Amino acid sequence: MTTKAPTFTQPLQSVVALEGSAATFEAHISGFPVPEVSWYRDGQVLSAATLPGVQISFSDGRAKLVIPTVTEANSGRYTIQATNGSGQATSTAELLVTAGTAPPNFSQRLQSMTARQGSQVRLDVRVTGIPTPVVKFYRDGVEIQSSPDFQILREGDLYSLIIAEAYPEDSGTYSVNATNNVGRATSTAELLIQGEEEAVPAKKTKTIVSTAQISQTRQARIEKKTEAHFDARSLTSVEMVIEGVTAHQLPHKAPPRMPPRPTSKSPTPPIIAAKAQMARQQSPSPVRQSPSPVRHVRAPTPSPVR
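In our numbering, each number is its position in the sequence shown, counted from 1, plus 4.
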């Protein structure tokens, strides 16, 4: 395994402690080989000899410094230094010891929210109090322990619960309890994680719109092909069709078919012949205009008077 310089995955956080109570500093460190850890207050090395009763530990990447009973003299800047063969890293925070007290108070409460499956979710609160409150997160009344799936972080008075990848089963009622020796405060909110099946109607709507657009495109293509088919016909064929229709619908405009008279020296002009032909076609039939004499003879005669 390659070497890696020390880094702080969770740096030190400043602490406000009531005089006579305990104060705890904690940091999370990564690196290979495992770093060596040292503590300092205002630049001076801390040990059981320099600070009686202090408890210092480092295990599984977690470094802790605990002062069981603080006094005003313990106030100052505390620094942790991690060192290995690949490098060095430091983190610093303040310790403020006060004689006053204040119950926990949420300056920023939990907010209800809705998120999609697979997304990262972050729930934040800001808590103040003297001494510094102990803050815990719960889901449906069950305490949440920090893990790769549910990370609990603190930056000063900001406490955060981070769900790396949320799923519908993570939905529920989330709460934060802040407690110190003078009081307790709680903030509650709802978290809803939407599953993939809830997005199906939107996909169906998109599919319907796409289908309608495809149908319109196909109809336009058919119309264009039809127009192209008629444009591809020759002009002569179109003229022949038009002439045939004209001759059928307007017979009076067609030139008359006159039998040839080669022996005549003065043939009838075409214009006169056309007019005569038109007059014959427009005039009513002789049978309809004057009834036949035979019809008069056959007509029924009145019966003799008796």
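All C-beta atoms, glycine included, are put in the ideal place defined by N, C-alpha and C. Model, not experiment: these values are computed from the prediction.
Beta carbon of residue i nearer than 8 angstroms to that of residue j
{"i": "S151", "j": "T132", "result": "no"}
{"i": "Q17", "j": "G160", "result": "yes"}
{"i": "N88", "j": "A31", "result": "no"}
{"i": "F29", "j": "V20", "result": "no"}
{"i": "G187", "j": "P108", "result": "yes"}
{"i": "T102", "j": "I134", "result": "yes"}
{"i": "Q92", "j": "Y44", "result": "no"}
CA nearest to the CA of residue i, picked from the options
{"i": "M117", "options": "S175, V49, A27", "result": "S175"}
{"i": "P172", "options": "I84, V139, I166, G199", "result": "G199"}
{"i": "Y82", "options": "L50, S90, P108", "result": "L50"}
{"i": "A77", "options": "A189, K68, D46", "result": "D46"}
{"i": "T75", "options": "L100, R66, A53", "result": "L100"}
{"i": "D144", "options": "E98, Q92, S191, Q155", "result": "S191"}
{"i": "S95", "options": "I33, A53, S164, L127", "result": "I33"}
{"i": "K68", "options": "A97, S79, S90, A53", "result": "A97"}
Between the CA atoms of residue j and residue i - distance to the nearest angstrom
{"i": "R120", "j": "G24", "result": "47 angstroms"}
{"i": "V70", "j": "V125", "result": "32 angstroms"}
{"i": "P137", "j": "T183", "result": "5 angstroms"}
{"i": "L195", "j": "L114", "result": "10 angstroms"}
{"i": "G104", "j": "S123", "result": "43 angstroms"}
{"i": "L162", "j": "V129", "result": "6 angstroms"}
{"i": "Y142", "j": "Y178", "result": "6 angstroms"}
{"i": "L22", "j": "T6", "result": "45 angstroms"}
{"i": "V38", "j": "Q59", "result": "20 angstroms"}
{"i": "Q217", "j": "G35", "result": "Per-residue confidence for Q217 stands at a pLDDT of 44, beneath the threshold of 50, marking its modelled position as unreliable; no derived number is given."}
{"i": "L157", "j": "K140", "result": "11 angstroms"}
{"i": "P56", "j": "A193", "result": "44 angstroms"}
{"i": "A26", "j": "N185", "result": "11 angstroms"}
{"i": "F154", "j": "V180", "result": "14 angstroms"}
{"i": "R66", "j": "I166", "result": "19 angstroms"}
{"i": "I212", "j": "D64", "result": "In this prediction, I212 has a pLDDT of 29, which is less than 50 and means its spatial position is unreliable; what the coordinates show is noted afterwards. About 56 angstroms."}
{"i": "A189", "j": "A52", "result": "36 angstroms"}
{"i": "A311", "j": "V146", "result": "Here the chain covers residues 5 to 310 and nothing more, so residue 311 does not appear."}
{"i": "Q48", "j": "G80", "result": "11 angstroms"}
Limits of the beta strand (DSSP E) - the one that residue i falls within
{"i": "I148", "result": "I148 -> no beta strand (DSSP E), and no H or E assigned at all."}
{"i": "E98", "result": "91-102"}
{"i": "V20", "result": "19-22"}
{"i": "Y171", "result": "Element bounds for Y171: n/a, residue is neither H nor E."}
{"i": "S63", "result": "59-63"}
{"i": "L195", "result": "187-198"}
{"i": "Q121", "result": "Taken as a continuous stretch (DSSP letters only), Q121 belongs to no beta strand (DSSP E), as it is neither H nor E."}
{"i": "P137", "result": "Element bounds for P137: n/a, residue is neither H nor E."}
{"i": "N88", "result": "80-88"}
{"i": "Q14", "result": "8-14"}
{"i": "V70", "result": "66-71"}
{"i": "G35", "result": "27-36"}
{"i": "R113", "result": "R113 -> no beta strand (DSSP E), and no H or E assigned at all."}
{"i": "S42", "result": "40-45"}
{"i": "E159", "result": "154-159"}
Beta-carbon separation (whole angstroms), residue i vs residue j, contact threshold 8 angstroms
{"i": "V41", "j": "F62", "result": "5 angstroms"}
{"i": "A168", "j": "I197", "result": "At roughly 13 angstroms, the Cβ-Cβ gap does not stay under 8 angstroms, so A168 and I197 are not in contact."}
{"i": "S164", "j": "L127", "result": "7 angstroms"}
Proximity test, residue i beta-carbon vs the ligand ZN heavy atom, cut-off 7 angstroms
{"i": "G35", "result": "Among the ligands in the structure shown, none appear at all, so the ligand ZN cannot be discussed."}
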